[in-house]
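The structure appears right after this line, and notes come after that.
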Amino acid sequence: MEPERLEIPLFRPYKKLIEITIQGKKFQIPENQMLLRAFQYLCPDTIPYGRYCWNEECQYCRVSVKRPGSQKVTQALSCKLMVEEGLEIHELAEELTRNLRPLFQPAPEETPPGEESGASHGPAPGAQPGGRGSRESEEKRG
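Following this note's numbering, the numbering of the sequence shown begins with 173 at its first residue and continues without gaps.
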């Protein structure tokens with residue numbers, strides 16, 4: 173007999189999306205969430221693989237924020253900070269920067285032709301200098 177599985181919701185209940193700003197870019201996230209969980213809403217394929225403890229010990233989720241109505245930028249842990257409309261995130265810990273990178277890459281329709289994300293800006297892997305079709309091989313022939 174299989175053990176009973178508990179279905180635990182990933183996000184706290186919410187009725188609407190609110191707007192926050194991360195390093196100058198605006199995003200819609202569910203209200204009533206911890207900031208780290210809101211980051212997971214935005215990047216569900218990367219945040220779960222970060223080295224976060226989710227209980228205020230590791231410091232990998234540290235952010236610099238400006239709360240609505242305040243002019244002061246303060247440090248906070250995103251696993252502890254509840255989101256609110258108008259929250260501005262100015263700086264992200266290195267782990268968050270890495271895991272939130274997809275938010276700041278241009279969308280495919282914004283990418284100029286020939287510069288797809290992940291496109292190589294150098295010789296193809298395994299290519300040899302002077303290989304077939306290179307300028308160097310043409311100079312040798314000419």
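The beta carbon of each residue, even a glycine, is placed where N, CA and C say it ideally should be.
Close Cβ partners of Lys238 (< 6 Å) along its chain, the five nearest in sequence each way excluded: Numbered from 1 along the sequence shown, position 66 holds the residue referred to as residue 238. Around Lys238: Val245, Glu260.
According to DSSP, residues forming a beta bridge with Thr269: Position 97 of the sequence shown, counted from the first residue, corresponds to residue 269. Looking at the DSSP assignment, Thr269 forms no beta bridge with any residue, so it has no partner.
Pro280 burial status per 10 Å Cβ neighbour count (16 or more: buried): Along the sequence shown, read from residue 1 onward, the residue named residue 280 stands at position 108. Exposed: under 16 other Cβ atoms inside 10 Å.
DSSP three-state assignment for Phe183, whether helix, strand or coil: In the sequence shown, residue 183 corresponds to position 11, counting from 1. It is coil, neither helix nor strand.
Terminal residues of the beta strand (DSSP E) in which Leu249 lies: Translated into positions along the sequence shown, residue 249 becomes position 77. Leu249 -> beta strand (DSSP E) spans 245–249.
Reduced DSSP category for Gln212 - H, G, I as helix; E, B as strand; rest coil: Here residue 212 refers to the residue found at position 40 of the sequence shown. Three-state DSSP puts Gln212 in a helix.
CB contact flag (Arg184, Gln205, <8 Å): Residue 184 sits at position 12 when you count from the first residue of the sequence shown. Residue 205 sits at position 33 when you count from the first residue of the sequence shown. A contact, by the Cβ cut-off of 8 Å.
For Leu259, three-class secondary structure by DSSP: Here residue 259 refers to the residue found at position 87 of the sequence shown. Coil, per DSSP.
Beta-bridge pairing of Ser236 - partner residues as DSSP gives them: Translated into positions along the sequence shown, residue 236 becomes position 64. Answer by DSSP bridge pairing, in chain order: Gln247, Glu263.
Nonlocal neighbours in the same chain, by C-beta distance under 6 Å from Ile180, ignoring five residues either side: The residue labelled residue 180 in the question sits at position 8 within the sequence shown. No residues qualify anywhere along the chain.
Per-residue burial, Asn271 [other beta carbons within 10 Å of its own, 16 or more giving buried]: Within the sequence shown, the letter at position 99 stands for residue 271. Using a 10 angstroms sphere on the CB of Asn271, the tally of other CB atoms reaches 16 or more, which defines it as buried.
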